[in-house]
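Per this note's numbering, residue -2 is the first one in the sequence shown, and the count goes up by one each step.
The block underneath contains the structure these notes are about, expressed in structure tokens.
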Amino acid sequence: MKNLYGVVVISLYCATANAALNELSGAWAGSIGGASIAVCFNESEELKGVYYSDEFKAPIRLIAIDDVFSAKDKKIETLSGTKRSVTHLLVRYENTLAKTEQVVSLKRVNNSALYDSCSSVAFAGKLATSRSMPTIEYQGHVYNYYKKNGVPLFSLTEKNAVTDKINKDIYDLIHPLKTIKAFELELKPSLGSNGSIETSEASITPQFWSSDYLSLNFNQWSVDTGRSGVSWASHTWDLKTGDRVDPWAWVNTKYLWKTPYSGTVKLPKKLTNLLYAITDNLKNCPALDSYDTYEMVITRQGLLVSSPATGNDCDKEWNLTWAQLYPILTPEGKIAAAKMSGSNK
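In structure tokens:
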């Protein structure tokens, strides 16, 4: 089965004159084309439903309109109900592209009680773990990445003492037990109230990868906070030793971590002077050394330094070459520059 994400319609026809929509509330399970599906309904004045497949675990909200539940996307598939009771529901599954349809039987999950909400373990339990993602390639390098219980899990596929050390460090950084608890606290109320997943999000993505260094971007968004709740920062590892390194130390300062996703840094004097020397239009901007944080990313040519984003003309980005940086680099920084300057991998 390739896709369950299309138009899903569950048409509810009363079995008796006294049948009510809220008889559907609770968790249901079945299968289509060998792929298991889960459907649930919340009891409310306007009964709300959700469905997902075990393969993708991305819930789609079902909205009741004239006793018909629908989720609109690409108009590929439909799921429509023809008969239901307290414990069983017969539905018709239709794939409009393949021009096929079949009858599917949905049963209550583990005899879940009538009026269980979509936050119940019967429905939400499997949503805590997403399916594993295939091995991903980034600039000729491969890694595994997937999410489990709201935790982004990143691991290097090559197995040796160095990669084992790095993988453990990445895992420890995200505080999995703490993150899982926070995810579960947000997941169930969200499903129970509006039938959708509205939780904080986190991700880990490669920013730079050479034979010597790996830099990963740790990104996090806190639910119900809008843009102000977004935070991110870059972690870098030495691929020869497995140690985490701070590229800011190469220009004689230090990044002070608050969380794995944020921290503060002050521009050192020599770097500040260099940036002033190569930058125009700073007359009406705050002093460069007045900001409490900057972003630094390693490139093959040098270091990319960015000021905090404020949305005005004072937002700056400097793509500094190793040649420009060399006079202000620490001994550690000069060693890194020599490695990077001679690396084409």
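The beta-carbon is built from N, C-alpha and C at its ideal position, and this holds for glycine as well.
These figures come from a predicted structure and were not determined experimentally.
Measure the C-alpha to C-alpha separation of residue 165 and residue 56 and round it to an integer number of angstroms.
-> For residue 165 and residue 56, the distance between alpha carbons rounds to 31 Å.
Quick one: residues in its chain with C-beta nearer than 6 Å to the C-beta of residue 242, no 5 flanking neighbours on either side, listed in chain order?
-> A distance below 6 Å between beta-carbons, with the five flanking residues on each side excluded, links residue 242 to the following residues of its chain, in chain order: 233, 235.
Close-in-space but distant-in-sequence residues of the same chain around residue 313 (CB under 6 Å, 5 per side omitted) | Setting aside the 5 residues that flank it on each side, residue 313 is surrounded in the same chain by 304, each with a C-beta closer than 6 Å to its C-beta; the list follows chain order.
Over what stretch of residues does the beta strand (DSSP E) that includes residue 149 continue unbroken?
-> Here the beta strand (DSSP E) through residue 149 covers 148 to 153.
In its own chain, which residues sit with a C-beta less than 6 Å from the C-beta of residue 106, not counting the 5 before and 5 after it?
-> So the list reads 24, 26, 119, once near-sequence residues are dropped.
Assigned secondary structure, residue 104 (DSSP; H/G/I helix, E/B strand, else coil) | Strand.
With residue 164 as the anchor, note down where its alpha helix (DSSP H) starts and where it stops.
-> Here the alpha helix (DSSP H) through residue 164 covers 158 to 170.
Would you say residue 326 and residue 316 are within 8 Å of each other, going by their C-beta atoms?
-> No, the pair does not count as a contact, with Cβ atoms beyond the cut-off.
Three-state secondary structure (DSSP) of residue 64 | Reliability of the predicted coordinates at residue 64 is poor, the pLDDT of 44 falling under 50, and the value obtained from them is presented with this limitation in mind. For residue 64, the secondary structure class from DSSP, reduced to helix, strand or coil, is coil.
Coil, strand or helix - residue 326 by DSSP | Residue state, collapsed to three classes: coil.
Integer-rounded CB distance, given that residue 160 should sit under 8 Å from residue 132 | Not a contact, Cβ separation roughly 14 Å.
Span of the beta strand (DSSP E) holding residue 39?
-> In this chain, the beta strand (DSSP E) harbouring residue 39 covers 32 to 39.
Consult DSSP for residue 99 and reduce its assignment to one of helix, strand or coil.
-> Strand, per DSSP.
Three-state class that DSSP yields for residue 284 in the structure shown = Coil at residue 284, not helix or strand.
Below 8 Å between beta carbons: does that hold for residue 286 and residue 263?
-> The answer is yes: Cβ separation under 8 Å.
According to DSSP, is residue 269 helix, strand or coil?
-> Residue 269 falls in the helix class under three-state DSSP.
Are the region 203 to 221 and the region 252 to 260 touching, with three or more C-beta to C-beta distances below 8 Å?
-> Contact between the region 203 to 221 and the region 252 to 260 is present, because at least three Cβ pairs lie under 8 Å.
Excluding the five sequence neighbours on either side, which residues of its own chain have a C-beta within less than 7 Å of the C-beta of residue 295, listed in chain order?
-> A distance below 7 Å between beta-carbons, with the five flanking residues on each side excluded, links residue 295 to the following residues of its chain, in chain order: 205, 210, 212, 233, 244.
For the alpha helix (DSSP H) that contains residue 227, what are its first and last residues?
-> Note, residue 227: premise wrong, no alpha helix (DSSP H); beta strand (DSSP E) at 227 to 235.
Give the single residue among 275, 230, 28, 22 whose Cα lies nearest to the Cα of residue 52.
-> Nearest option by C-alpha distance: 28.
Report the option in 22, 254, 248 whose CA atom is closest to the CA atom of residue 103.
-> Measuring C-alpha to C-alpha distances from residue 103 to each of 22, 254, 248 identifies 22 as the nearest.
Return the bridge partner residues of residue 296 from the DSSP annotation.
-> Residue pairing by DSSP places residue 296 in no beta bridge whatsoever.
Using DSSP with H/G/I as helix, E/B as strand and the rest coil, what is residue 69?
-> Note on residue 69: pLDDT 43, under 50, position unreliable in the model; no value is reported.
According to DSSP, residues forming a beta bridge with residue 215 = DSSP lists 201, 230 as partners of residue 215.
Quickly, what does DSSP pair residue 143 with across the bridge? List them, please.
-> Answer is 150, bridged to residue 143.
Residue 279, DSSP secondary structure in three states | If DSSP states are grouped into helix, strand and coil, residue 279 belongs with coil.
Straight-line CA distance for residue 169 to residue 151?
-> Looking at the backbone, the Cα of residue 169 and that of residue 151 are separated by about 11 Å.
Tell me whether residue 264 sits in a helix, a strand or coil according to DSSP, three-state version.
-> The answer is coil: DSSP assigns residue 264 none of H, G, I, E or B.
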